[in-house]
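Reviewing the structure listed below.
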Amino acid sequence: MANEAVKYVWEGAIPLQIHLHKSDVASHPAPPPALVLAPRIGYLPLLIPHIKPYFKDSLPPGEDSIWFDYKGVPLKWYIPTGVLFDLLCAEPERPWNLTIHFRGYPSNILIPCEGEDFVKWNFVNSLKEAQYIINGNCKNVMNMSQSDQEDLWTSVMNGDLDAYTKLSPKLKMATIEDDFSRKASLSSPQSRQGATEMDVAGQVKTARVPVRLYVRSINQDFENLEDVPEIDTWDDISYLNRPFEFLREEGKCFTLRNAIESLLPEFIGDKAQTSGEERSKDDDTEEADGLLREMGEIKLARIQGIEMKLEIPFSWVVNNLMNPEFYLHISVLVKAPQR
Amino acid sequence: MNSGREVSDGRLTVEGFSVAARAFADKWKIHNQSFPPWSWVPLINRTLHLSNQQEEGYLSLEEILILSSLEESPEDESLNVATDCLEKEESVDHTILVQNQENEAHYYDFHIVYSSSYKVPVLYFRGYCSGGQPLSLDVIKKDLPSCSVSLLHESKWTFITQEHPYLNRPWFKLHPCGTEDWIKLLSQSSISTGCQMPVDLYLVSWFSVVGQVVGLRIPLEMLN
């Protein structure tokens, strides 16, 4: 039985307004944009069968090589749609206006995608990597039968949480637990699915959580999100694919802030901490101001479209907001430390 | 620093990778002078300063020039590197000795990057023409010596196209799953006291296997 939060995550969707790029328009008049509801946990290439019928009569002859862009930035198709939206639209745009191209695939920027198999393969690889991080090996994914793997992928493609929930225990993913979630699950009548031999408290001393962090750094402070400058290229974004590691200790609970700060150490929140020993902790206000300016600041962290309060226990965040491949994708907007 | 530390489970920490990388680059410079040296590229990200307690980075070997020749001698065990053109200091001399019109200059870049997920190094590489156009995997395979190609067929090595973790461009990579298993095998055979491998030999041992898949052999002296 999946919990409420996971259901919301799976039902999350983004309204897209897809425009055919003018260089691909071979009809007169140009076709109107297509309106599609895109699942957050899905991937853009999976929408192509729904979009192409709108435009097929307008296309020039030749073979298709389909890709999307948002304000000129080619979209990385292997990033879940919801993450792309949270990251690229500081101020959420509804519907989200994207441009579709059927020619001229930018293969010097985007890795190839020649159909659903590529998307599935990317999903399975991420799943293996996540399993390796959580369990220490990826043998369960590797040993899954072809048909089970197919069915798991199909459940994700169709947004079928019930089917996914029946299949995912076969992955035998260790649960991600700290003191908070352990106490929470003890008091709840439903036992957490997917418990394995790794779940015995204390057996896995260092736990690792798959996280993909997408960081946008801006130099100035801003009042409203609509004042945040747009992204011109992917070089404006730092992508960190590294697990959050923690020691499972009695009484220890990590917040989302703890997790992000450990992955981005220069944004340590405790302003008394400095990076060099030569500084003294005095309360001269000028020096304190200087320190504040030097520190970066986490302005915004978005997961599944939710602007997260950073004090939320991290184990809750992971267990409820992760994507079906067991990765937690976090879009972060930071104000860069002044140098 | 950490050079006394040993690896027993086939995996590296990020600090261990930095140590192993420098040891590898140093040995390569001494023993493998027919190639340019590897350089260490620190991860000073343009938008973020990553943790400066340990300098994180990756190893880079770039602009290796391969003259693709139509005839491949059966004794070929290494890439047909154009050694004449490697006498470069700062800039690469792009003039090449062309044997006939079908010969095309292919350049290769190799990066050894640390995977924090798998805790092992991963080899990324790409090939391109002098105009910068990327080479497809089929073309690259033709540049590989025959023993590399058979290694690929026989074993579970696969090249996959994936985005470079830091450069926002498609590169090829050798899938890392399983690395720690064969590294452990290497350690067992080299040191009699069990599965221990000194950190500074890690990349040398690793590359002695992985390099063969991309046609880069290392001299045996490097393994001492």
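In order, the protein sequence lines correspond to chains X and H.
This note's numbering numbers the first residue of the first sequence as 1 and each following residue consecutively.
This note's numbering numbers the first residue of the second sequence as 1001 and each following residue consecutively.
Idealized CB from N, CA, C, for every residue including glycine.
Please read these numbers as outputs of a predicted model, since none were measured by experiment.
Worksheet item: Mind pulling the chain H residues with CB within less than 8 Å of R242 (chain X)?
Response: Here residue 242 (chain X) corresponds to residue number 242 of the first sequence, with the count starting at 1. Residues of chain H passing the Cβ test: S1116 and S1117.
Discussion item. Can you tell me whether N224 (chain X) is buried or exposed? The criterion is at least 16 other CB atoms within 10 Å of its CB, across all chains shown.
Written reply: For this step, residue 224 (chain X) is matched to residue 224 along the first sequence. N224 (chain X) sits exposed, since fewer than 16 C-beta atoms from the chains shown fall within 10 Å of its C-beta.
Item to complete: Note down, in chain order, all residues in the segment 230-258 of chain X with a beta-carbon under 8 Å from any beta-carbon belonging to chain H.
Response: T233, W234, D235, D236, I237, S238, Y239, N241, R242 and P243
Worksheet item: Taking all protein chains shown into account, do 16 or more other C-beta atoms lie within 10 angstroms of the C-beta of R94 (chain X), making it buried, or fewer, making it exposed?
Response: Residue 94 (chain X) sits at position 94 when you count from the first residue of the first sequence. So R94 (chain X) ends up on the exposed side.
Fill in: Any chain X beta carbon closer than 8 Å to S1008 (chain H)
For the purposes of this step, residue 1008 (chain H) is identified with residue 8 of the second sequence, where counting begins at 1. Answer no: the Cβ-Cβ gap between S1008 (chain H) and chain X never drops below 8 Å.
Practice prompt. Measure the Cβ-Cβ separation of Y327 (chain X) and P229 (chain X) and say whether it is below 8 Å.
Written response: Position 327 of the first sequence, counted from the first residue, corresponds to residue 327 (chain X). Position 229 of the first sequence, counted from the first residue, corresponds to residue 229 (chain X). No. Outside cutoff.
Discussion item. Can you check whether the C-beta of Q325 (chain X) is within less than 8 Å of a C-beta belonging to chain H?
Written reply: Walking along the first sequence from the start, residue 325 (chain X) turns up at place 325. Going by the sequence as given, residue 325 (chain X) is Glu instead of Gln. Answer no: the Cβ-Cβ gap between E325 (chain X) and chain H never drops below 8 Å.
Discussion item. I'd like to know if T1179 (chain H) contacts chain A, where contact means its C-beta is closer than 8 Å to some C-beta of that chain.
Written reply: Looking at the structure shown, chain A is missing, and the protein chains on hand are X and H.
Fill in: Nearest neighbour of P313 (chain X), chosen from X:L321, X:F254 and X:G42 [CA to CA]
Position 313 of the first sequence, counted from the start, is the residue given in the question as residue 313 (chain X). Nearest option by C-alpha distance: X:F254.
Worksheet item: E1228 (chain H) versus chain X: which residues are under 7 Å apart at the beta carbon?
Response: Because chain H is modelled from 1001 through 1224, residue 1228 (chain H) falls outside the range shown and cannot be assessed.
Fill in: Buried versus exposed, by CB contacts within 10 Å (16 or more), H1111 (chain H)
The residue labelled residue 1111 (chain H) in the question sits at position 111 within the second sequence. H1111 (chain H) comes out buried.
Worksheet item: Does any residue of chain X bring its CB to less than 8 Å from the CB of N1224 (chain H)?
Response: Here residue 1224 (chain H) is taken as the residue at index 224 of the second sequence, counted from 1. Output row for N1224 (chain H): interface = no.
Worksheet item: The beta strand (DSSP E) spanning D1143 (chain H) covers which residue range?
Response: Residue mapping note: residue 1143 (chain H) aligns to position 143 of the second sequence, counting from 1. Here D1143 (chain H) belongs to no beta strand (DSSP E); instead the alpha helix (DSSP H) covers L1137 to D1143.
Worksheet item: Closest by CA to P74 (chain X), which one among X:D148, X:P106, X:L127 and X:L152?
Response: By one-based count along the first sequence, residue 74 (chain X) stands at place 74. Residue X:P106 is the option with its Cα nearest to P74 (chain X).
Item to complete: State the start and end residues of the unbroken alpha helix (DSSP H) segment that holds T154 (chain X).
Response: As a working mapping, residue 154 (chain X) is identified with position 154 in the first sequence. Q146 to M157 is the span of the alpha helix (DSSP H), which, as asked, contains T154 (chain X).
Fill in: Contact under 8 Å by Cβ, G401 (chain X) with P80 (chain X)
Because chain X here runs from 1 to 339, residue 401 (chain X) falls outside it and cannot be looked at.
Worksheet item: Within 8 Å (strictly less), CB to CB, does I133 (chain X) reach chain H?
Response: Numbered from 1 along the first sequence, position 133 holds the residue referred to as residue 133 (chain X). Chain H contact via Cβ: present.
Practice prompt. Name the one or two DSSP bridge partners that C253 (chain X) has.
Written response: As a first step, residue 253 (chain X) must be located in the first sequence, where it is residue number 253. In the DSSP output, where bridge partners are listed per residue, C253 (chain X) has none listed.
Worksheet item: Under the rule that 16 or more other beta-carbon atoms within 10 Å means buried, what is K1088 (chain H), buried or exposed?
Response: Position 88 of the second sequence holds residue 1088 (chain H). Unreliable placement is indicated for K1088 (chain H), whose pLDDT of 41 sits below 50; no coordinate value is reported for it.
Worksheet item: Going by DSSP, what residues sit across from N244 (chain X) in a beta bridge?
Response: In the first sequence, the residue the question calls residue 244 (chain X) occupies position 244. For the record, residue 244 (chain X) in the displayed sequence is Phe; it is not Asn. Checking the DSSP bridge columns, you'll see F244 (chain X) partnered with X:V209.
Worksheet entry | Outcome for N122 (chain X) when other beta-carbon atoms lying within 10 angstroms are tallied against a minimum of 16 | What you label residue 122 (chain X) is simply residue 122 of the first sequence in a count that begins at 1. So N122 (chain X) counts as buried.
Discussion item. Run through chain H and tell me which residues come within less than 7 Å of E129 (chain X), C-beta to C-beta.
Written reply: The sequence position of residue 129 (chain X) within the first sequence is 129, counting from 1. Simply S1117.
Practice prompt. Taking only runs that begin and end inside the segment 51-125 of chain X, name each unbroken beta strand (DSSP E) of 3 or more residues, in chain order.
Written response: 67-70 and 96-101
Worksheet item: Distance, Cα to Cα, E1063 (chain H) vs L46 (chain X)?
Response: Translated into the one-based positions of the second sequence, residue 1063 (chain H) becomes position 63. Translated into the one-based positions of the first sequence, residue 46 (chain X) becomes position 46. Going from the Cα of E1063 (chain H) to the Cα of L46 (chain X) covers about 38 Å.
Worksheet item: Are there three or more Cβ pairs, one per stretch, closer than 8 Å when the segment 164-173 of chain X is compared with the segment 137-144 of chain X?
Response: As far as the Cβ criterion goes, the segment 164-173 of chain X touches the segment 137-144 of chain X, which means the pair count is three or higher.
Discussion item. Mapping the DSSP letters down to three states, classify A34 (chain X) as helix, strand or coil.
Written reply: Locating residue 34 (chain X) in the first sequence gives position 34, counting from the first residue. In this structure, A34 (chain X) counts as strand in the three-state DSSP scheme.
Practice prompt. Report the neighbours of N143 (chain X) on chain H: residues whose CB is nearer than 7 Å to its CB, in chain order.
Written response: The sequence position of residue 143 (chain X) within the first sequence is 143, counting from 1. Within 7 Å Cβ-Cβ: nothing; N143 (chain X) doesn't reach chain H, min ~13 Å.
Worksheet item: Got a sec: is the Cβ-Cβ distance from D1076 (chain H) to anything in chain X below 8 Å?
Response: Your numbering for residue 1076 (chain H) matches position 76 in the second sequence. Bear in mind that the predicted position of D1076 (chain H) carries a pLDDT of just 46, short of 50, making it too unreliable to give a figure here.
Worksheet item: Is P61 (chain X) near the ligand COA, going by C-beta to nearest heavy atom under 7 Å?
Response: Among the components of this structure there are no ligands whatsoever, and the ligand COA is therefore not found.
Worksheet entry | Unbroken alpha helix (DSSP H) run spanning F1035 (chain H), endpoints | For this step, residue 1035 (chain H) is matched to residue 35 along the second sequence. Counting along the chain, F1035 (chain H) falls outside any alpha helix (DSSP H), and DSSP gives it neither H nor E.
Fill in: Continuous alpha helix (DSSP H) stretch holding A336 (chain X): start and end
Here residue 336 (chain X) is taken as the residue at index 336 of the first sequence, counted from 1. It is not in any alpha helix (DSSP H) - A336 (chain X) carries neither H nor E in the DSSP assignment.
Practice prompt. Quick one: residues in its chain with C-beta nearer than 6 Å to the C-beta of E1072 (chain H), no 5 flanking neighbours on either side, listed in chain order?
Written response: Start at 1 with the first residue of the second sequence, and residue 1072 (chain H) comes out as number 72. At E1072 (chain H), the pLDDT of 45 sits below 50, so the modelled position is not reliable and the matter cannot be decided from this model.
Worksheet entry | Nearest to Y1107 (chain H) (by Cα), restricted to the options H:S1008, H:M1222, H:R1011 and H:S1136 | Reading the second sequence from its first residue, position 107 is the one you call residue 1107 (chain H). If we check each option's Cα against that of Y1107 (chain H), H:S1136 comes out closest.
Practice prompt. Find the nearest neighbour of N319 (chain X) within the set X:P15, X:G72, X:A174 and X:D69, judged by alpha-carbon distance.
Written response: The count along the first sequence starts at 1 and reaches residue 319 (chain X) at position 319. Of the listed residues, the one whose Cα sits closest to N319 (chain X) is X:A174.
Worksheet item: Nearest to G12 (chain X) by CA position, among X:T206, X:D227, X:D160 and X:L59, is which residue?
Response: If you number the first sequence from 1, residue 12 (chain X) lands on position 12. Comparing Cα-Cα distances from G12 (chain X) to each of X:T206, X:D227, X:D160 and X:L59, the minimum goes to X:D160.
Worksheet item: Can you find at least 3 beta carbon pairs, one from the segment 1200-1218 of chain H and one from the segment 1142-1153 of chain H, that sit closer than 8 Å?
Response: Yes, the segment 1200-1218 of chain H is in contact with the segment 1142-1153 of chain H.
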